[in-house]
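A.B. asks:
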Ligand SMILES: Cc1cc2nc3c(=O)[nH]c(=O)nc-3n(C[C@H](O)[C@H](O)[C@H](O)COP(=O)(O)O)c2cc1C
């Protein structure tokens, strides 16, 4: 029976375990490039045992970033900076993955830790600000909340050009050494906003029916499939539920994921729409394994490998979701920030027979062989036979 630490093979790629570091925007790039910061931070997570390591949403065009400090891969000159990251992740035993995306009407922001407004949320910058730009969208409807500035409704020509940008970005990603691609179709960014009736009011072939609203996503997949190596996984993260009566519902997402499978999708990561701040009632943020049941339904009904994030940081929750066959991979966001050695921590918590096997071989050797107090190695005391499960 597979568990959190079982290897996982998809296409020609084998992960050493089912633990992935979920993409997280880091606001540490200059001109979209990766640098020592990313080599350090992502290499540390690979050294800590994460099987699959994503940097952040990487922009397919300059105006597809969240802020001017975000990463991109819209130009060949950026490839080498990504290669340094992929080389370090591989050296530490991980598989380097890339999330390709375009922020659409949620771009042109200032990094949240630099300036927040009175509500404690971050602000969009106006198009005429030196670090801002005119955001693009399916329809000329601003996101709302902090994003009230005018947005530009994409023309059919511009949509075509964006699909070429997806393909160019994927070609560069393969050249840079990434072995797994995830298209970002979630969280209210451009593709997600095409998919959602909350943002997409178009009347051409990219709007209206579910099939039309899925067309932008399917065209992006087709464009990437053309250039992305056949033996490497092509995956996507879908905004599968807007949690709003007029937004995307899971049933529609399941239908669309079925179409994506026909277009060559290898794995679906099931996440939120976030096409509005106005979600129904209180979004249930506090529930452990918040998206596990939704992902399990996608897997069951479409017959495709699935993953999800959201509240899987308790090792027992992540492990049981895999043991029960509900998800194939556990994606961890915040736990990867707080604990680069989360896989080691989880292995000790879950009573793995050799937790130090999560770490590089030389560290593992010393940790197994250096004599000392077990409870003084910098981790919570390990569970011992007879302890009750957490
Ligand atoms: C700092 C930060 C940045 C994030 N940036 C991205 C991103 O670039 N792309 C994405 O799909 N999700 C992003 N997310 C969401 C995470 O990938 C993940 O889905 C979310 O944190 C829920 O997982 P968790 O409960 O393990 O934190 C971000 C989350 C955090 C905390």
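Residue numbers (the numbering used here): 3 to 392. Every residue gets a Cβ at the ideal spot worked out from N, C-alpha and C, and that includes glycine. Quick caveat, the model's predicted, so the values are computed rather than measured.
Which of helix, strand or coil does DSSP assign to residue 106?
C.D. replies: helix
A.B. asks: Excluding the 5 residues preceding and the 5 following residue 392 in the sequence, name in chain order all residues of the same chain whose CB lies nearer than 7 Å to its CB.
C.D. replies: Legend: pLDDT at residue 392 = 43, less than 50; position of this residue unreliable, value from coordinates given subsequently. Cβ neighbours of residue 392 beyond the five flanking positions: 318, 351.
A.B. asks: Would you say residue 79 touches ligand 1, meaning its beta carbon is less than 8 Å from a heavy atom?
C.D. replies: no
A.B. asks: Measure the alpha-carbon distance for residue 377 versus residue 229 and round it to whole angstroms.
C.D. replies: 51 Å
A.B. asks: Check each residue's C-beta against every heavy atom of ligand 1 and list, in chain order, those closer than 5 Å.
C.D. replies: With the criterion CB distance below 5 Å from any heavy atom of ligand 1, the matching residues run 24, 25, 26, 27, 58, 59, 311, 312, 313, 334, 335, 336 along the chain.
A.B. asks: Excluding five sequence neighbours on each side, which residues of the same chain lie with their C-beta closer than 8 Å to the C-beta of residue 199?
C.D. replies: If you ignore the 5 residues before and after residue 199, its C-beta comes within less than 8 Å of the C-beta of 215, 248, 249, 250, all in its own chain and listed in chain order.
A.B. asks: Rounded to a whole number of angstroms, what is the C-alpha to C-alpha distance between residue 68 and residue 76?
C.D. replies: 14 Å
A.B. asks: Is the separation between the beta-carbon of residue 188 and that of residue 65 shorter than 9 Å?
C.D. replies: no
A.B. asks: Would the beta-carbon of residue 2 fall within 9 Å of that of residue 334?
C.D. replies: Outside the shown range of the chain (3 to 392) lies residue 2, about which nothing can therefore be said.
A.B. asks: Where residue 212 and residue 26 are concerned, what is the direct C-alpha to C-alpha distance, given to the nearest angstrom?
C.D. replies: Cα to Cα, the separation comes out at about 29 Å.
A.B. asks: Below 8 Å, how does it come out for the segment 30-49 and the segment 130-147: are there three or more Cβ pairs, yes or no?
C.D. replies: no
A.B. asks: Figure out for me which residue from 265, 278, 226 has the closest Cα to the Cα of residue 243.
C.D. replies: 278
A.B. asks: For residue 96 and residue 53, which I take to be in contact (beta-carbon distance under 8 Å), what is that distance rounded to the nearest angstrom?
C.D. replies: 6 Å
A.B. asks: By alpha-carbon positions, which one of 36, 46, 110, 288 ends up nearest to residue 100?
C.D. replies: 36
A.B. asks: Which word fits residue 315, buried or exposed, when buried means at least 16 other C-beta atoms lie within 10 angstroms of its C-beta?
C.D. replies: By the 10 Å Cβ count, residue 315 comes out buried.
A.B. asks: Which residue from 140, 380, 147 puts its Cα closest to that of residue 155?
C.D. replies: 140
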